[in-house]
Amino acid sequence: MFCRNNCELVEWLPANVLEPYINDLLYTAAKCLWRIASRKQAKNEENLVVFALFVFSQAASVGAGNVEHYRFLKTLCNVLSALGIHLADVCTQRPPNFGMYLAAIEAFFSHPSVYLRNEAVAVFASLINHEKIGDDEIFSECICRVIISTPNLLEKVGYPSQNGHETCRFSQHDYDDDNDFSHEFTQFRDRCLKVIRSCCTEKHVDLLISIVEKWFISRCLNCPDLVRQTEWDAMQRFSKLVLWECHSRKLLNPNSYKRLNSLFDGMLTLMAKCTSPLLMNNLLSILSTLLVTVGRYPQLLVSLLSQLRRPLSDHVDDDIDEKSVKRHCIALLLRIVTIFADDIKGQAGTILEFCVSIRPFLSLMQLASCMQIIAALSNLCVDFATQNNFLSSALSDSLHYFLQTEIQEVFQSDIAFLTFFGFTSPAPANVAEAAKSSYMLNRRRFRAHLSTLEGIMAQTQSIAPPFHPAYSAFRPVLPAIFLLVKRLNSLYDPKNASVIHISYGPVSIFEITNSERQQLLTCEAFLFWIAAFLKIGSWALFLSCHLTYIPDFRLRFWLRRTWKPFLCACPEAAYHSVRQLLLIVIEELGKRLQSRWKQLAALECSEDDEPSQEQLLVEHMACILTRECTILLRDLFGISDVGDKIDEASCIRNCFLKDEGVIGKIVECMFLCLTYHDATSVVRIIPVCRNVTESLNERCSEGIAVFMLVQSIRSLQIHGADELAVTHLLSLVFFIYSSLRERFSSLSQVLQQVPECSVEEVERLDRRIASMKYNKDFANEKMKREIMKKLLRTVIAASFFP
1 MFCRNNCELV EWLPANVLEP YINDLLYTAA KCLWRIASRK QAKNEENLVV FALFVFSQAA
61 SVGAGNVEHY RFLKTLCNVL SALGIHLADV CTQRPPNFGM YLAAIEAFFS HPSVYLRNEA
121 VAVFASLINH EKIGDDEIFS ECICRVIIST PNLLEKVGYP SQNGHETCRF SQHDYDDDND
181 FSHEFTQFRD RCLKVIRSCC TEKHVDLLIS IVEKWFISRC LNCPDLVRQT EWDAMQRFSK
241 LVLWECHSRK LLNPNSYKRL NSLFDGMLTL MAKCTSPLLM NNLLSILSTL LVTVGRYPQL
301 LVSLLSQLRR PLSDHVDDDI DEKSVKRHCI ALLLRIVTIF ADDIKGQAGT ILEFCVSIRP
361 FLSLMQLASC MQIIAALSNL CVDFATQNNF LSSALSDSLH YFLQTEIQEV FQSDIAFLTF
421 FGFTSPAPAN VAEAAKSSYM LNRRRFRAHL STLEGIMAQT QSIAPPFHPA YSAFRPVLPA
481 IFLLVKRLNS LYDPKNASVI HISYGPVSIF EITNSERQQL LTCEAFLFWI AAFLKIGSWA
541 LFLSCHLTYI PDFRLRFWLR RTWKPFLCAC PEAAYHSVRQ LLLIVIEELG KRLQSRWKQL
601 AALECSEDDE PSQEQLLVEH MACILTRECT ILLRDLFGIS DVGDKIDEAS CIRNCFLKDE
661 GVIGKIVECM FLCLTYHDAT SVVRIIPVCR NVTESLNERC SEGIAVFMLV QSIRSLQIHG
721 ADELAVTHLL SLVFFIYSSL RERFSSLSQV LQQVPECSVE EVERLDRRIA SMKYNKDFAN
781 EKMKREIMKK LLRTVIAASF FP
């Protein structure tokens, strides 16, 4: 044939010559189409969406053995997925060949490969909420088929380390190990559930309920012993989402509740006959999805309690499965009491009697969990005095434990603490020794009573806020609890490693007993609920003792569970009692974050190859600590997560704003967060930076003003490649400069040091800001950002070429 450009004659090559290269050609062509279809290449709505139509039957027929064809198929799937996601952004009506396109995506969704399924479901997740496409007849028919096939696809099968399922063979091509597969499958499952949640509408409710009902009848009630564990897990997620979402959206009619009630009765009958702990756990899990019927039929609670009594009344010594069933029963009952509190008021006495009757059959930890039910029932009391007496009675055993002279003495020193729990003596050699050990009994009792305190405080809601019904009961043990916090922190002191018995190995005690240290740290959870901070004196300082010894991975828990709730709940009158704690925490955070990010910078400079595990761990912990610090600052200033608006600031906010010694450290900490290499933290800290700039107003010194502006500009240089961060940073720079320039001329000198930013440009900016203020005609945020973007263009550009 002739080529029109140069009129050369081109002769076609015989097909058999190209045959050896056809797979590579298909793969390369598919990659080219993928790049064309990519959203990054097609963000403009005016771009034409080019649809490549393929025979979708290939998706169902290709085998894992044909590696080249599968590689081509994956790229082809990426093409169609990118097109579909882009379609959700730009399409205003049904595109041509839409039915054929959906058929191809549906085929990929049903393919054994989790990779292909994940790409396909991303399309459905994007299209289902589209204003036009979501109501399209062809799309609705397709979604109905997707709904029907989803429960089976939610089964987690196909680990690359296994060979028992067709999906395994594809996973062996796609994932390095089981962890990679789990990550991909979790994303796929989340997207599937997102689609199902969007389908919980009047249009699809009947189909969804019928799928759940059919599975219960045909599988769960008819042949429970044949249900696979993966099937139990998948249907528990599917049923819970469908039933609770439809219930909350008021989509269930009386007939629907009647059908679910019938299933509930069937489950109770099945539980009465069950003798297998594993099956009982699965039945309890799936029964929890049907609890929506309890609100409609409260009388079901009596029948449920009679079935729960049997497993809870069993005498169990060492059977782990039986213990698991007991925990599950208690958790199920707690869920009912907390979610359907108004509906089961009439049954509160029956539930209380039930809890009291099973106490002799529960272990220490199970009893601690049961006390959460008691606490939740206290929320139904008719008046504050009754609730107070109710909780005092529930707390009496645990409070008595902490007031014992022996326990008080244990908290006085590190040696006494370690000795009481047996860490200065040989560790138990086996389970039998551990069962007889008095030290292990000490640990179990300690954990149980701490869990009781934590659980009761977590479930209690005062019926007469701000007064807390448990405070009067807790008051005598507060000194002991704060002293316990001091002990926990001091155990990180290296000198204590020398007294730990050699049988525990050459590591610290907190690295040995992971579950126990987790339990110990939960004791501070109740602090948030205690509003009366009068005469706390030195208690607050106990919370910061030995802070420098606390490792990074544990510091985040202290931040979230103790310091943040403690400081944010402190009343203004007690500010001077907690001032030193606030200062110590902020200073330690600032020093530690600077140290970690400097360490990261050094590692990046010294390593040209792939980052090591050490570097990845340091970076991960640095990001986590920076984000926890950001959360603390947002809460102290009352920045809401909804629209970054001012919500309810901490009571001590006005105090530390006037305290030069404290606010200076806070400003330094927050503006340094702008320069750390974590864009997520930057975006979240900016509203706090803006708020403090506005709040300081006349109290702002020139040094602080210059520091704030310089750090904001440095952040632009670091995060200039991040579009979202740049948007917020430009607004922040304009706000700081326009708010403080009139008082501090040195701010204009800061801008003049920016490369290619002339004196004339800065003066022009000053005149424009002065004009805006005089005319009270401030430009919109977009205009302000454009002004600063033009002025700081060289700084932003530098971030692309670090």
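Take the sequence shown: its position 621, counted from the start at 1, is 621 in full-length UniProt numbering, and no numbers get skipped.
From the three backbone atoms N, C-alpha and C, an ideal C-beta is built for every residue, glycine too.
Taking the alpha-carbon positions, what's the residue i to residue j distance?
i, j, result
"T75", "N282", "40 Å"
"F314", "R444", "First, the residue type needs correcting, since residue 314 is Asp and not Phe in the sequence shown. Approximately 21 Å between the Cα atoms of the pair."
"R560", "L633", "11 Å"
"S695", "C689", "10 Å"
"Q372", "F474", "16 Å"
"R310", "S303", "12 Å"
"I769", "G703", "22 Å"
"Q347", "T338", "13 Å"
"Q187", "F124", "14 Å"
"N654", "E572", "8 Å"
"Q172", "C77", "18 Å"
"N129", "D135", "9 Å"
"E322", "R359", "16 Å"
"T794", "D766", "20 Å"
"F72", "T92", "31 Å"
"D552", "H620", "11 Å"
"L399", "A497", "31 Å"
"I796", "W597", "21 Å"
"K258", "L555", "51 Å"
"G158", "E68", "21 Å"
"L625", "I415", "31 Å"
"V325", "L308", "10 Å"
"E604", "G590", "21 Å"
"F526", "A458", "Annotation note: pLDDT 37 at F526 (below 50); position unreliable, no value reported."
"E166", "T275", "34 Å"
"T460", "I138", "51 Å"
"Q299", "A341", "14 Å"
"Q580", "Q599", "28 Å"
"I717", "H677", "The question names Ile, yet the displayed sequence has Gln at residue 717. Distance between the alpha carbons of Q717 and H677 is about 11 Å."
"L791", "P565", "42 Å"
Excluding the 5 residues preceding and the 5 following residue i in the sequence, name in chain order all residues of the same chain whose CB lies nearer than 7 Å to its CB.
i, result
"F420", "V410, N442"
"T386", "none"
"Q752", "V759, V762"
"S731", "E781, K784, R785"
"M788", "L730, V733, F734"
"C142", "L102, E106"
"A368", "A448, S451, T452, G455"
"V477", "L399, F402, L403"
For residue i, tell me which candidate among the options has the shortest Cα-Cα distance.
i, options, result
"I584", "G164, I663, P151, T626", "I663"
"T693", "A107, V733, E723", "V733"
"C673", "L395, A375, S110, E628", "E628"
"C651", "F637, A480, S544, E660", "F637"
"Y297", "S276, V157, L312, N261", "N261"
"R741", "M670, M708, L154, C274", "M708"
"S715", "L154, D342, T675, R237", "T675"
"residue 812", "D635, T289, L333", "Residue 812 lies beyond the stretch modelled for the chain, which goes from 1 to 802, so this question has no answer here."
Which same chain residues, not among the five before or five after residue i, have their C-beta less than 8 Å away from its C-beta?
i, result
"I550", "N489, Y492, W558"
"V710", "V750"
"W539", "L478, P479, F482"
Please report the Cβ distance between residue i and residue j, rounded to the nearest whole angstrom; I am assuming they are in contact, meaning their Cβ atoms lie under 8 Å.
i, j, result
"I209", "S256", "6 Å"
"L305", "F354", "5 Å"
"L301", "I336", "7 Å"
"R191", "V121", "4 Å"
"N691", "I639", "7 Å"
"L747", "V706", "7 Å"
Report all residues from its chain with a CB closer than 6 Å to the CB of residue i; omit the five preceding and five following residues, and keep chain order.
i, result
"L252", "C246"
"A434", "P428, M440"
"V242", "L208, V212"
"D722", "A679"
"A59", "Bear in mind that the predicted position of A59 carries a pLDDT of just 43, short of 50, making it unreliable; the figure below should be weighed with that in mind. Cβ within range, chain order: A107, F108, H111."
task: Examine the Cβ distances between the region 193-205 and the region 104-118 and report whether three or more of them are shorter than 8 Å.
output: No: the two stretches stay apart, fewer than three of their Cβ pairs being nearer than 8 Å.
- prompt: Would you call the region 248-266 and the region 178-196 in contact, with 3 or more CB pairs under 8 Å?
  reply: The region 248-266 is not in contact with the region 178-196.
task: May I ask you to verify whether the region 682-690 touches the region 716-735, counting CB pairs closer than 8 Å and requiring at least 3?
output: With the cut-off at 8 Å, the region 682-690 and the region 716-735 touch.
message: Is it the case that the region 131-150 contacts the region 102-111, given that we only count it when at least three CB pairs across the two stretches are under 8 Å?
response: Yes, since at least three Cβ pairs between the region 102-111 and the region 131-150 fall closer than 8 Å, the two stretches touch.
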